[in-house]
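Asker: First to last, the sequence lines map onto chains A and B.
Residue 16 in my numbering sits at position 9 of the first sequence; the count goes up by one each step and never skips.
Residue 151 in my numbering sits at position 128 of the second sequence; the count goes up by one each step and never skips.
Every residue gets a Cβ at the ideal spot worked out from N, C-alpha and C, and that includes glycine.
Got a structure for you, written out below as C-alpha cells; questions coming shortly.
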Amino acid sequence: IDSEDDLLQECISSAMPKKK
Amino acid sequence: PTPPYLKWAESLHSLLDDQDGISLFRMFLQQEDCADLLDFWFACSGFRKLEPCDANEEKRLKLAKAIYRKYVLAGGGIVARQIKPATKSFIKDCIVRQQVDPAMFDQAQTEIQALMEDNTYPLFLKSDIYLEYT
C-alpha cells in the first residue's frame with residue numbers, strides 16, 4: 008500500500024507546475 | 024507586473040499554474056474537506072503524461088489501479104460521489120481489461136474540473152483565506 012501511495016504522490020507531483 | 028494573486032482570480036487554470044496558488048487553494052479545500060478534488064485532478068494530469076511504452080506498462084497499470092482505488096471506487100469519497108456512474112464504469116472496464124489508455128481519466132477529470140470551476144473555485148475567491156492573502 009505504501010508503494011502505491013508513493014506512486015500516486017509521484018504522479019501528482021509530476022503534474023504540478025515547476026517553481027518560477 | 025500583475026501580482027500572482029490577481030492572476031489566480033482570472034481562471035482556475037491560472038490558479039493551478041502557480042505553486043503558491045495551488046498551496047493556498049489546497050488549504051481552502053482542506054478546510055472544506057475536499058482536497059481530494061485537487062489531488063485527483065493533478066493525478067489525472069500526471070497519468071496522462073506517462074508515455075505508454077513497454078518499459079512502463081506495469082507502472083501505468085499499477086498507477087491506474089491506485090488512482091481508481093483511492094478516488095473513483097465507491098468509498099464515500101468526494102471524487103467518487105461527483106463522477107458520473109458511466110464514467111466510473113468506463114474506468115473500471117479499462118482496468119479490468121488492462122487497457123490503460125493515457126486518456127482513460129480525461130472524462131473524470133473534466134467532471135471534477137467542472138465542479139471546481141462552478142463551485143469550489145468561486146468560493147475560494149470569496150474565502151477569508153484568499154482575501155487575507157491579498
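Counting only Cβ pairs nearer than 7 Å, list the residues of chain A close to B:G69.
Answerer: C18, I19, S21, A22
Asker: Near B:A97, which residues of its chain fall below 7 Å by C-beta distance, leaving aside the five closest residues on each side in sequence?
Answerer: A103
Asker: Take A:D13 as the anchor and find which of B:K82, B:P108, B:Q54 has the nearest alpha-carbon.
Answerer: B:K82
Asker: Enumerate in chain order the residues of its own chain whose CB-to-CB distance from B:I118 is below 7 Å, with the five nearest sequence positions on each side excluded.
Answerer: A87, K88, Y91
Asker: Measure from the C-beta of B:F128 to each C-beta in chain A and report whether the shortest distance is under 8 Å.
Answerer: no
Asker: Report the CB separation of B:I114 from B:D59 in whole angstroms; it is logged as a contact under 8 Å.
Answerer: Wrong, their Cβ atoms sit about 16 Å apart, outside the cutoff.
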